[in-house]
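Taking it in order: structure first as structure tokens, then the write-up.
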Amino acid sequence: MKPEYRRIFRAVSDIPRGRVASYGQVAARAGLPGRARMVGRVLGYRTPGMELPWYRVLRADGRIAFPPGSQGFRKQVELLRREGVEVREGRVRMRDFGHAADLDRQLWGMPDEE
DNA sequence: AGTATGACATATA
DNA sequence: ATATATGCCATAC
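All letters in the first sequence, in the order written, are residues 2 to 115 by my numbering.
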């Protein structure tokens, strides 16, 4: 398995329970900025039996990446709700993990930093 | 090698 | 809110 995959898996595992993160945010946190697509691809590589909160990963706008009504979609909704995350029409409100930092930075015109 | 596609993101209209 | 347009990276054909 490629080292990138491991970092991605680790980043996903790092998402706190009851919270969600976007693909781009996961990629960045894995030290792979700009590789959001790779995250989605790697999540498809998840090996059965490994405990990974894949369902906490959503699109940047908070929408679930699966087609509505599909198996994966319903599963993800169920798992998220089981953790207390509110899901409406296949989307959740992005909270403190991710989006906020960018918005603050933009509002204040701050240079990039962590 | 070139093209198409995807569990994506950002910008613009 | 929807719709294109680009950029992006890894696979598949």
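Ideal Cβ placement from N, Cα and C applies to all residues, glycine included.
### Message
Tell me the rounded alpha-carbon separation between residue 5 and residue 47.
### Response
Translated into the one-based positions of the first sequence, residue 5 becomes position 4. Translated into the one-based positions of the first sequence, residue 47 becomes position 46. The straight-line gap from Cα to Cα measures roughly 13 angstroms.
Contact defined as beta carbons within less than 8 angstroms: I believe residue 24 pairs with residue 58. What is the distance between those atoms, to the nearest angstrom? Counting from one through the first sequence, the residue named residue 24 turns up at place 23. Counting from one through the first sequence, the residue named residue 58 turns up at place 57. Contact holds; Cβ gap of about 6 angstroms.
query: If we ignore side chains and look at the alpha-carbon of each, how far apart do residue 94 and residue 87 end up?
result: In the first sequence, counting from the first residue as 1, residue 94 sits at position 93. In the first sequence, counting from the first residue as 1, residue 87 sits at position 86. So the alpha carbons of these two residues sit roughly 8 angstroms apart.
Helix or strand or just coil, what does DSSP make of residue 43?
As a working mapping, residue 43 is identified with position 42 in the first sequence. Helix, per DSSP.
TODO: Please list, in chain order, all residues of the same chain as residue 84 whose beta carbon is under 7 angstroms from its beta carbon, the five residues on each side excluded.
DONE: Start at 1 with the first residue of the first sequence, and residue 84 comes out as number 83. Cβ within range, chain order: 18 and 19.
*asked:* Spatial neighbours of residue 68 within its chain, please: C-beta separation below 7 angstroms, excluding the five flanking residues on both sides.
replied: Against the first sequence, residue 68 aligns to sequence position 67. Cβ neighbours of residue 68 beyond the five flanking positions: 74.
So if DSSP puts residue 22 in a beta bridge, which residue, or which two residues, is it bridged to? The residue labelled residue 22 in the question sits at position 21 within the first sequence. Residue 22 is bridged to 58.
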